[in-house]
Structures are given as C-alpha cells and as structure tokens.
Amino acid sequence: MSTTKNSMVTVLFGFAGSYRILLVLSWLLAGLSSVLSIGPFICIWFVIREVFRVLPDVVQAAEAAKFGWLAVGLAVASIACYFVALLCSHLAAFRVEKNMRKQAMRKIVDLPLGYFGTNTSGKLRKIIDDNASLTHAFLAHQLPDLAGAVIMPIAILAVLFIFDWKLGLICFIPLVLGLVFLQRMMGGEKAGFMNQYMDALEAMNATAVEYVRGIPVVKVFQQTVYSFKNFHESIVRYRDFAAAFALECRIPMIGFTMSIHAPSLLLIPAGILFVSTAADYREFLLDLIFYILFVPVSGSMMNKIMYAGESIMVAREAVGRICEITQEKTLAEGSLDKPINEYSICFNHVTFAYPGKQQPAVFRANFAVPQGKTYALVGSSGSGKTTLASLIPRFWDVGEGSITIGGVDVRDVKEADLMKKIAFVFQNTKLFKTSLLDNIRAAKPEAGREEALYAAHMAQCDDILAKMPHGIDTVVGTDGVYLSGGEQQRIVLARAILKDAPIIILDEATAFADPENEYQIQKAFEHLTKGKTVLMIAHRLSSIKDVDCILVMQQGEIVERGSHENLLHSKGVYAGMWQEYQTSIAWKVEEEAAHA
Ligand SMILES: Nc1ncnc2c1ncn2[C@@H]1O[C@H](COP(=O)(O)OP(=O)(O)OP(=O)(O)O)[C@@H](O)[C@H]1O
Ligand SMILES: [Mg+2]
Numbered sequence: 009m010s011t012t013k014n015s016m017v018t019v020l021f022g023f024a025g026s027y028r029i030l031l032v033l034s035w036l037l038a039g040l041s042s043v044l045s046i047g048p049f050i051c052i053w054f055v056i057r058e059v060f061r062v063l064p065d066v067v068q069a070a071e072a073a074k075f076g077w078l079a080v081g082l083a084v085a086s087i088a089c090y091f092v093a094l095l096c097s098h099l100a101a102f103r104v105e106k107n108m109r110k111q112a113m114r115k116i117v118d119l120p121l122g123y124f125g126t127n128t129s130g131k132l133r134k135i136i137d138d139n140a141s142l143t144h145a146f147l148a149h150q151l152p153d154l155a156g157a158v159i160m161p162i163a164i165l166a167v168l169f170i171f172d173w174k175l176g177l178i179c180f181i182p183l184v185l186g187l188v189f190l191q192r193m194m195g196g197e198k199a200g201f202m203n204q205y206m207d208a209l210e211a212m213n214a215t216a217v218e219y220v221r222g223i224p225v226v227k228v229f230q231q232t233v234y235s236f237k238n239f240h241e242s243i244v245r246y247r248d249f250a251a252a253f254a255l256e257c258r259i260p261m262i263g264f265t266m267s268i269h270a271p272s273l274l275l276i277p278a279g280i281l282f283v284s285t286a287a288d289y290r291e292f293l294l295d296l297i298f299y300i301l302f303v304p305v306s307g308s309m310m311n312k313i314m315y316a317g318e319s320i321m322v323a324r325e326a327v328g329r330i331c332e333i334t335q336e337k338t339l340a341e342g343s344l345d346k347p348i349n350e351y352s353i354c355f356n357h358v359t360f361a362y363p364g365k366q367q368p369a370v371f372r373a374n375f376a377v378p379q380g381k382t383y384a385l386v387g388s389s390g391s392g393k394t395t396l397a398s399l400i401p402r403f404w405d406v407g408e409g410s411i412t413i414g415g416v417d418v419r420d421v422k423e424a425d426l427m428k429k430i431a432f433v434f435q436n437t438k439l440f441k442t443s444l445l446d447n448i449r450a451a452k453p454e455a456g457r458e459e460a461l462y463a464a465h466m467a468q469c470d471d472i473l474a475k476m477p478h479g480i481d482t483v484v485g486t487d488g489v490y491l492s493g494g495e496q497q498r499i500v501l502a503r504a505i506l507k508d509a510p511i512i513i514l515d516e517a518t519a520f521a522d523p524e525n526e527y528q529i530q531k532a533f534e535h536l537t538k539g540k541t542v543l544m545i546a547h548r549l550s551s552i553k554d555v556d557c558i559l560v561m562q563q564g565e566i567v568e569r570g571s572h573e574n575l576l577h578s579k580g581v582y583a584g585m586w587q588e589y590q591t592s593i594a595w596k597v598e599e600e601a602a603h604a
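For the sequence shown, my numbering begins at 9 and goes up steadily by one.
As structure tokens, then:
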C-alpha cells in the first residue's frame with residue numbers, strides 16, 4: 009500500500025491521539041527557532057555598520073554592544089525554542105510509536121488464525137518493530153527540521169534581497185539550481201526507490217533468517233553459503249540495487265553539493281566587480297560581509313531539506329507497511345451470538361481459496377459428520393485436508409457455501425464460544441518453552457494440577473513425566489530437556505483431553521513414530537475421542553479402519569466417501585492408497601527385520 013504525503017501525516021496524527029497538539033507545538037516552535045536563528049546575523053550587520061560609522065574611534069560605537077547582546081539573546085532564544093520543540097516532538101513520537109505497536113498488536117489478535125501460517129511471527133515482529141522505530145526517528149527529529157525547512161526559505165529569500173538585490177541574486181540562483189538537482193535526485197521515479205529499497209532489505213533479512221535456520225542442513229551436506237541460493241541472490245539483488253541507485257544519483261548529488269556551496273565562491277569576485285559601481289563603498293562592503301556570513305545558513309537549510317525529503321520517503325514507506333497490518337481484513341466477529349447446543353458438523357458446498365490464489369484449496373466440499381461420530385479425511389499431500397479442517401474453527405472464512413455446527417453457521421457464533429467447543433490438534437505442534445504443566449494447561453489455564461496430571465495420564469504421558477528431572481514441572485527446552493516428536497504429540501493430546509471439547513479435530517503428524525510410541529498415541533486418541541464428534545486427518549491408514557466414514561480428498565475435492573470395506577470394494581482412489589500403504593508397511597517390516 010502506498011500512502012500519499014497528506015495521508016501519511018493524517019495517519020501519524022491519528023496515531024498521536026491527544027498528543028497531536030504537541031506535534032503542532034513542535035512545528036510552530038521549530039519554525040520560530042529557524043526564524044530567530046536569522047536574527048543574530050542581522051544584529052551582526054548592525055554591529056558592523058555601527059563600527060564602520062565611528063571608524064577609527066571604535067570606542068564610540070555604543071550601539072554595537074546593544075546589538076551584540078541582542079544577537080546573543082536571539083541565538084539563545086532560537087536554541088531554547090528548538091530544545092522545547094524537540095521535547096514536544098519526542099513526547100509525541102514516543103506516543104505515536106507506542107500506539108502503532110499497540111494497534112498493530114491488537115489487530116494481530118483479531119486476524120484470522122490462518123494469517124500466521126503465511127506471515128511468520130518473526131516477520132510480523134520485524135515489520136512492526138522496524139517501521140515503528142523508523143517513524144519515531146522521523147517524528148522526533150526530522151519533522152521539526154522540516155518545519156524549519158519550509159519557513160526558512162521564505163525568511164532567507166526576504167533577507168537575501170533586503171540588503172543588496174544583486175548580491176542576493178548571486179546567492180539565490182545557485183540555491184534554486186540546488187532545488188532542481190534535489191528534485192532530480194528524489195522526485196519522480198525515485199519516489200518509488202524507497203519502496204524497492206525496503207523490499208530488497210526485507211527480502212535480505214528474511215532469507216538471512218532462513219539461512220541461519222538451515223545451517224544444520226548446509227553443514228550436513230557439506231555445502232557452502234552459495235548453496236543457499238535465495239540468501240545469496242537477495243544479497244546480490246540488494247547490492248546491485250543500492251549500487252545502481254547510488255550511481256544514478258551521482259550527477260545530481262554533485263550538482264546539488266556544488267550549488268549549495270557556490271554562493272560562497274561567487275560572492276568575492278562579485279564583490280570586487282560591483283564595488284567600483286557602488287554608491288557608497290562602505291555600505292556595500294558591509295552588505296558583502298553580511299552575505300558572506302549568512303550564506304552558509306542557506307546551505308545548511310538546503311541540506312536539511314534534502315534529509316527531510318529522504319526521511320519523508322522512509323516514513324511514508326514505514327507508515328504504509330504498518331498500515332498494511334492494521335488495515336488487514338479481520339474476520340467479522342459472530343454478532344448473532346447464537347449458542348451451539350448440538351455438535352454435528354456440516355459442510356454445505358464449501359469452496360475456499362487462499363488469499364491471492366486462483367486455484368481453490370477446497371472445492372465444493374459437501375458432507376456432514378453427525379454428533380458423536382468419527383470421520384476420517386485422507387488424501388495425498390497437498391490435497392487440502394489441513395485447509396478443509398482449519399475452516400471449521402475459522403482459521404479462514406469460507407469463500408462460498410457455509411459450515412454449520414449443530415445447524416448454526418460458524419460465522420454467527422462468538423469466537424470464544426466456537427473455540428470452547430473445538431479442540432484442534434495440529435499437524436506440527438511445537439511445545440511452548442515453559443513447564444509441561446503449563447503446556448498441558450494452555451487449553452484451560454484454570455485447571456488444577458491434579459486435573460492436568462490426570463489428562464497426562466490419559467494421554468499415556470506417565471513414562472515421559474517419569475523420566476523428566478522435575479516431572480510435570482520440567483521446563484521444556486532448558487537443561488537439555490527435549491521431547492521427541494511422538495512425545496510432543498502425546499503432551500499435545502493431553503492438552504486436548506484436558507480441554508474436553510465436544511468436537512475434536514486431529515491433524516495427524518506425518519512422521520511415523522516408533523511402534524511403541526505409535527501404540528501409545530493410538531491409546532491417547534481413544535481416550536480423547538470417546539463420545540466426541542471427530543474429524544481426523546490420517547496418514548497411517550491402519551488407524552482409521554474402524555471409523556464411521558472415510559472421506560477421500562484429491563486436489564481440494566472429496567472424491568470418495570464410505571466405510572473402509574465399501575471403499576476397498578469400489579476399487580477407487582482409496583483402494584489404491586490402501587494398496588500402497590500395505591506395501592510400505594511390508595517394506596518397513598522387512599527393513600526392521602533386516603536390522604534386527
Ligand atoms: N497458508 C497458505 N497459503 C497459501 N496456500 C496454502 C497455504 N497452506 C496451504 N496452501 C496450499 O493449499 C493446498 C492444500 O494444502 P494443505 O496443507 O491443506 O494440504 P494437506 O492435504 O493437509 O497436505 P499434507 O498431507 O501434506 O499435510 C496446497 O496446494 C498448499 O500449497
Ligand atoms: Mg496437512
């Protein structure tokens with residue numbers, strides 16, 4: 009999303025809340041400070057004029073001291089104004105930064121859960137952190153300077169022409185040229201530069217994280233950094249982009265720098281040229297000294313304009329990126345607040361495609377799981393099983409059709425209610441880095457210790473707890489405490505058992521556990537699913553032989569349904585899968601026999 013300059017300021021004002029008054033105050037004070045900063049130069053002009061008037065008897069210059077003090081006073085006032093302006097801008101900037109983070113975080117809580125599959129937590133954290141900090145720098149420092157950069161040219165223009173219009177013109181023309189070069193450097197197509205620059209930077213950061221995660225793989229296969237093509241390419245892309253831009257800016261940058269320093273260089277020859285035609289050479293010399301002293305102020309103003317221009321591009325981009333999160337579509341909260349009293353699940357011609365994808369991941373799914381029954385979902389990898397199941401707790405909302413629980417559309421149910429009714433065991437759950445007790449209690453924080461221990465017992469976790477140094481209080485991930493994939497599955501099942509929800513959705517881990525673990529997981533499943541409405545995604549076909557109905561998925565569609573026996577008889581997709589499964593089991597048994 010691109011924000012225009014105006015809308016960016018509006019957005020920032022919105023984030024500032026009641027502190028926006030401080031922003032306005034900071035601009036006014038910074039502007040005042042800029043104008044005041046011209047004062048001392050004018051005072052010096054008066055001092056020199058006074059000195060010239062009484063020459064050679066300098067002691068007679070009584071007025072000089074007065075103007076000298078006035079210069080000091082104005083300089084101090086200018087600094088004081090700037091100081092207070094910065095104080096205000098910092099207070100406002102901190103508030104804006106805080107509100108940005110708060111709103112983005114609050115938004116994240118309301119986003120569809122599926123969003124976090126596509127946007128990793130690391131990426132989200134980085135977007136929020138980085139861009140909030142970038143806007144902070146802009147608001148706290150560059151915005152007050154920008155106020156100066158707007159007011160100063162007008163003041164400087166007036167001052168330049170008041171004293172001697174010819175010398176004024178010599179100072180003014182290079183400054184206009186400088187602005188033209190600045191426009192060439194930053195305006196037009198270059199405005200899109202920041203967008204590409206940040207994209208390149210973001211891509212490099214993201215692939216760097218991926219690279220660090222993949223180091224074990226790289227090491228195991230004895231590869232070099234170049235094997236990590238994405239990372240390498242993103243660095244090259246960034247380098248090429250930055251280098252090309254720097255080269256392109258070379259000429260305008262040289263032009264700009266020369267323009268802002270040109271007046272100092274031109275004033276001396278111009279002075280020598282004009283002095284002979286001046287009506288009063290003393291008056292003329294006085295003006296010349298003033299211009300020589302004053303012209304660096306206009307140079308530094310030009311620099312401020314350049315930096316402010318750059319920071320506007322950065323801030324606009326940063327605000328845009330934060331807004332991408334805060335304007336992300338959230339799921340509408342079920343406003344009807346209908347209660348669920350019955351736990352059958354019904355898919356009515358459900359079609360769903362992931363955001364930005366044409367091809368639906370689920371296509372016209374139409375089936376019903378009666379209350380208390382267990383249905384299994386099978387199909388090849390990528391056929392849409394996880395996607396279909398995750399539509400029930402509204403990880404995403406369906407594109408077409410509807411899903412009802414006990415006859416109530418899931419979109420009409422309050423989120424908290426819906427979540428209370430469903431226990432979802434994910435395909436690849438990672439445990440939190442906290443105690444096993446808290447891991448189990450994550451689904452029901454108010455549960456007592458005894459209750460959690462009982463759930464762990466039912467999920468066949470006794471042997472896991474027995475070998476942990478502090479039993480159920482052992483913190484996962486510390487002191488070399490790690491759980492195998494199968495053990496983690498059982499802890500997650502204990503969590504689901506503790507939740508005791510009437511609807512269970514199980515996404516079986518793809519990895520095969522060892523036979524002992526597999527047996528225990530099977531037993532834990534049985535405890536968990538007793539009397540519940542269950543939709544289970546199965547990879548090991550042996551575990552679903554006895555379910556009430558098997559739904560077979562292929563490329564997002566349910567292509568077959570029925571009991572194990574019926575499906576075998578019909579010799580369709582499922583029969584083929586069963587055949588393959590039997591062969592793979594036979595291989596596994598042979599392999600184990602060979603190793604024994
Ligand atoms: N977050 C996502 N964004 C975009 N596309 C996705 C996302 N998650 C999955 N997909 C795509 O949707 C399709 C179905 O994926 P899904 O995870 O539902 O398959 P699956 O049947 O569960 O596979 P597996 O057996 O390997 O777990 C795939 O083509 C996949 O690439
Ligand atoms: Mg899956």
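The beta carbon of each residue, even a glycine, is placed where N, CA and C say it ideally should be. Predicted model, so just to flag it, every value in this text is computed and none were measured.
Distance cut-off 8 Å: residue i Cβ against heavy atoms of ligand 1
i      : result
His547 : yes
Asp405 : no
Gly564 : yes
Met561 : yes
Thr394 : yes
Ala369 : yes
Lys237 : no
Lys312 : no
Ser41  : no
Gly390 : yes
Tyr205 : no
Asp345 : no
Gly200 : no
Lys365 : yes
Gly317 : no
Asp515 : yes
Tyr462 : no
Tyr362 : yes
Gly493 : no
Own chain residues within Cβ distance below 6 Å of residue i, not counting five before or after
i      : result
Ala270 : Pro182
Ala502 : Ile448, Ala463, Ala464, Ala467, Cys469
Arg290 : Phe60
Ala532 : Ala467, Gln468, Arg498, Leu501
Thr215 : Asn238, Phe239, Ser242
Met476 : Thr482
Phe440 : Asn447
Proximity test, residue i beta-carbon vs ligand 2 heavy atom, cut-off 8 Å
i      : result
Asp556 : no
Lys438 : no
Gln435 : yes
8 Å contact criterion, which residue i and residue j should meet: CB distance rounded
i      : j      : result
Leu559 : Ile566 : 5 Å
Val542 : Tyr383 : 7 Å
Lys429 : Ala509 : 6 Å
Thr143 : Ala323 : 6 Å
Glu513 : Lys393 : A small correction: the amino acid at residue 513 is Ile; Glu does not occupy that position in the sequence shown. Going by Cβ atoms, the distance from Ile513 to Lys393 rounds to 11 Å, so no, they are not a contact pair.
Gly570 : Val370 : Wrong, their Cβ atoms sit about 20 Å apart, outside the cutoff.
Within 9 Å, strictly: CB atoms of residue i and residue j
i      : j      : result
Leu151 : Ser97  : yes
Ala601 : Lys507 : no
Glu526 : Gly494 : yes
Tyr27  : Asp153 : no
Ser391 : Gln562 : yes
Phe292 : Phe282 : yes
Val484 : Leu473 : no
Trp595 : Leu549 : no
Neighbourhood of residue i by C-beta, 7 Å cutoff - its chain only, sequence neighbours within 5 removed
i      : result
Gln367 : Ala361
Ala278 : Leu175, Ile178
Met310 : Leu183, Gly186, Ile268
Glu459 : Leu506
Cβ neighbours of residue i in the same chain (closer than 8 Å, five flanking residues each side left out)
i      : result
Tyr246 : Ala208, Leu209, Ala211, Met212
Phe189 : Pro260, Met261, Gly263, Phe264, Ser267
Problem - Given 8 Å, three or more beta-carbon pairs between the segment 79-91 and the segment 31-46 - result: yes
Practice task
Could you tell me whether the segment 401-418 touches the segment 349-367, where touching means 3 or more Cβ pairs closer than 8 Å?
Solution key: yes
Practice task
Determine contact between the segment 72-84 and the segment 51-63, defined as no fewer than three beta-carbon pairs at a distance below 8 Å.
Solution key: yes
Practice task
May I ask you to verify whether the segment 324-340 touches the segment 161-175, counting CB pairs closer than 8 Å and requiring at least 3?
Solution key: no
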